[in-house]
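What follows is a set of notes on a single structure, which appears directly below.
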Amino acid sequence: MVSDDEAMSRAIALAARGLGTTSPNPVVGCVLLSAEGEVVGEGFHAYAGGPHAEIVALAQAGERARGGTAVVTLEPCNHTGRTGPCARALINAGIVRVVIAVDDPTPVAAGGAATLREAGVRVETGVRRAEVEEGNVAWLTAVRRGRPYVTWKYAATLDGRSAAADGTSQWITSPPARADVHKLRSSVDAIVAGVGTIIADDPQLTVRDLRDGSLAIKQPWRVVVDSSGRTPVTARIRDQAAPTWIATAAEVGAGPDGRVDLAALLGELYARGVRAVLLEGGPTLAGGFLAAGLVDKVVGYIAPKMLGAGQPSLVGAGVTTIAEAIELDLTDIARVGPDLRFTASLRAKEA
0 MVSDDEAMSR
10 AIALAARGLG
20 TTSPNPVVGC
30 VLLSAEGEVV
40 GEGFHAYAGG
50 PHAEIVALAQ
60 AGERARGGTA
70 VVTLEPCNHT
80 GRTGPCARAL
90 INAGIVRVVI
100 AVDDPTPVAA
110 GGAATLREAG
120 VRVETGVRRA
130 EVEEGNVAWL
140 TAVRRGRPYV
150 TWKYAATLDG
160 RSAAADGTSQ
170 WITSPPARAD
180 VHKLRSSVDA
190 IVAGVGTIIA
200 DDPQLTVRDL
210 RDGSLAIKQP
220 WRVVVDSSGR
230 TPVTARIRDQ
240 AAPTWIATAA
250 EVGAGPDGRV
260 DLAALLGELY
270 ARGVRAVLLE
280 GGPTLAGGFL
290 AAGLVDKVVG
300 YIAPKMLGAG
310 QPSLVGAGVT
320 TIAEAIELDL
330 TDIARVGPDL
340 RFTASLRAKE
350 A
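In this text, residue positions in the sequence shown follow this note's numbering: the first is 0, and each later residue adds one.
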């Protein structure tokens, strides 16, 4: 017999398989238990427009689901969109109990738990809530704030330099670290870079398999923040490898400094279905996002090298004194090849 906690742990692992392919929908996992408490069906939401996790699990379980329990990471939806309401599907399948980790915060999809209870289904919530929230943090943050979840990724030497005095920056980090970055890219909906980085480095900003250089099937949006339209016509970013948007101040709107309004940019990306953004290069653009309070997470790759001079990894974050320092909460530190990778969330400022 499988416990609710064990089933939810499995549902969390299933949900993670959808990272990077489900937007604007969340990642969701579902495990169905028979009346005797045995696993009879599993499923996860694989892509937007495709069957939801509950529907996949129900199809696998068939009649064995009747009288059983559904363990699901997110409250079953209660509306008809590109697919039908999962709450009603569970009722029709004869599920008598539903265990939910996190309530759905979207008004259009919420209400599934109430519908289930009205039909006589027992509903329990909160099992492994914190763990599920962390696994779905980008989507949950995005829908609650109305803008994409932003992760700033950077690479630097031990003395905080992202390029040498002559402007060279390839490669600061090792091949294992660069491979790790491609995994990070594959989990987001859009990669954002400044025009300065495009001009200096001419990156392609795609997701690749570094073993053979092949492009991944699913590619995030490539977004260039280019206030005055300086992106060269020959830039690799203009190829057909991935959908691309050259975002200018004339199109998006300008802030007081005349540059692209970053909050407006994120609002437009959210409207286009983007829920998770990876901010890459350069230091001035990163400083602008941080100064505007638009960064949620930082992933830094630190190489065991020193340059002594050159370009810093961050410029213009609005900090002039130690009391204004942007504080982070470290959530993970790991070795990636010879390099060090740290992950941190921005600490909320006290009111």
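Glycine included, every Cβ here is placed at the ideal spot set by N, Cα and C. Note that the coordinates shown come from a computational prediction; the quantities given were computed from them, not determined experimentally.
- Secondary structure within the stretch 122-164: the beta strand (DSSP E) runs of 3 or more consecutive residues, fully enclosed, are 148-156 and 160-162 (chain order).
- A distance below 7 Å between beta-carbons, with the five flanking residues on each side excluded, links Ala34 to the following residues of its chain, in chain order: Gly66 and Gly67.
- Judged by pairs of C-beta atoms under 8 Å, the stretch 281-294 touches the stretch 135-152, as three or more such pairs exist.
- Here the alpha carbons of Arg127 and Asp331 stand approximately 20 Å from one another.
- Residues of the same chain with a CB within less than 7 Å of the CB of Gly307, apart from the 5 flanking positions on each side, are Asp158 in chain order.
- In this structure, the straight-line span from the alpha carbon of Gln59 to that of Ile301 is close to 45 Å.
- The C-beta of Gly125 has fewer than 16 other C-beta atoms within 10 Å across all chains shown, which makes the residue exposed.
- Segment contact: the stretch 253-263 against the stretch 113-121, fewer than three CB-CB distances shorter than 8 Å; contact not assigned.
- Of the residues Arg237, Asp4 and Pro303, the one whose Cα lies closest to the Cα of Pro202 is Arg237.
- Here Ile245 carries a strand assignment [DSSP, helix/strand/coil].
- Between Ile198 and Val223, the C-beta spacing is not below 8 Å.
- Non-local beta-carbon contacts of Ala45 in its own chain, meaning distances under 6 Å to residues more than five positions away in sequence, involve Gly17 in chain order.
- Ranked by Cα distance from Arg340, the first of Leu13, Val297 and Ala100 is Val297.
- Counting only unbroken stretches of 3 or more residues, the beta strand (DSSP E) elements lying wholly within the stretch 264-299 are 275-279, in sequence order.
- Val194 and Asp260 have their alpha carbons spaced roughly 15 Å apart.
- Residue range Cys85 to Asn91 is occupied by the alpha helix (DSSP H) that includes Ile90, with no beta strand (DSSP E) assigned at that position.
- Remark: three or more beta-carbon pairs, one from each stretch, lie closer than 8 Å, so the stretch 1-14 and the stretch 22-30 are flagged as touching.
- A distance below 6 Å between beta-carbons, with the five flanking residues on each side excluded, links Ala333 to the following residues of its chain, in chain order: Arg340.
- If you draw a 10 Å sphere on the C-beta of Glu41, you find 16 or more other C-beta atoms in it, and that means buried.
- When the Cα atoms are used, Asp211 and Val180 turn out to be separated by approximately 16 Å.
- Sorting Val251, Asp165 and Ser185 by C-alpha distance to the C-alpha of Pro311 places Asp165 at the top.
- Counting C-beta atoms within 10 angstroms of its own C-beta, Ala129 has fewer than 16 neighbours from the protein chains shown and is therefore classed as exposed.
- Sorting Ile216, Asn135 and Thr156 by C-alpha distance to the C-alpha of Pro147 places Asn135 at the top.
- In the DSSP annotation of this structure, the continuous segment of the beta strand (DSSP E) that includes Thr342 starts and ends at Asp338 to Leu345.
- Boundaries for Leu57: no beta strand (DSSP E) harbours it, while the alpha helix (DSSP H) harbouring it runs Ala52 to Ala60, taken from the DSSP string.
- By the Cβ neighbour-count rule, Arg121 is exposed, with fewer than 16 other Cβ atoms within 10 Å of its own.
- Between Thr21 and the set Cys85, Ala262, Thr205 and Pro50, the nearest pair of CA atoms involves Pro50.
- Taking 3 residues as the minimum length, the beta strand (DSSP E) runs contained wholly in the stretch 171-223 are 189-193, in order along the chain.
- One thing to note: Trp220 has its Cβ no nearer than 8 Å to the Cβ of Val294.
- Here Val98 has Asp3, Val70, Glu123 and Val126 as same chain residues with Cβ atoms under 6 Å from its own Cβ, once five neighbours each way along the sequence are excluded.
- Annotation: the continuous beta strand (DSSP E) that includes Thr330 extends over Leu327 to Val335.
- Cys76 is the residue among Cys76, Val232, Asp102 and Thr72 whose C-alpha sits nearest the C-alpha of Ile90.
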